[in-house]
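Just below is one structure, and these are the notes that go with it.
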Amino acid sequence: MKKQRLVRQPSGDARWNRFTTAEEEQRLSVLNERIDRSATILARNVAERQTIMKRAQKRMWRAEDKA
69 MKKQRLVRQP
79 SGDARWNRFT
89 TAEEEQRLSV
99 LNERIDRSAT
109 ILARNVAERQ
119 TIMKRAQKRM
129 WRAEDKA
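Numbering (this note's numbering), first residue to last: 69 to 135.
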């Protein structure tokens, strides 16, 4: 197996400076899918939290208007 060395790409990404095997490519693909899924879940959680905060803010305003 070739020596691996982490190389900084011009874009700022860190990449291995060798070709990946099909098995490694598969593993990376699975990891990327997991990352995408996690990111989607996080985004959904953030959106839900923002919605809840907006509702709470509206309730506070209504309570202030009534007082």
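No residue lacks a Cβ here, since even glycine has one placed at the ideal position from N, Cα and C. No experiment lies behind these values; they were computed from the predicted model shown.
Residue i in three-state terms, based on DSSP
i: residue 135; result: coil
i: residue 89; result: coil
Between the CA atoms of residue j and residue i - distance to the nearest angstrom
i: residue 100; j: residue 128; result: 42 Å
i: residue 106; j: residue 94; result: 19 Å
i: residue 65; j: residue 108; result: The shown model of the chain, from 69 to 135, leaves out residue 65, and the question about it has no answer.
i: residue 90; j: residue 110; result: 30 Å
i: residue 123; j: residue 104; result: 29 Å
i: residue 126; j: residue 92; result: 51 Å
i: residue 132; j: residue 117; result: 23 Å
Burial state of residue i, where buried means 16 or more other Cβ atoms lie within 10 Å
i: residue 134; result: exposed
Neighbourhood of residue i by C-beta distance below 6 Å, restricted to the same chain and skipping five residues each side
i: residue 113; result: none
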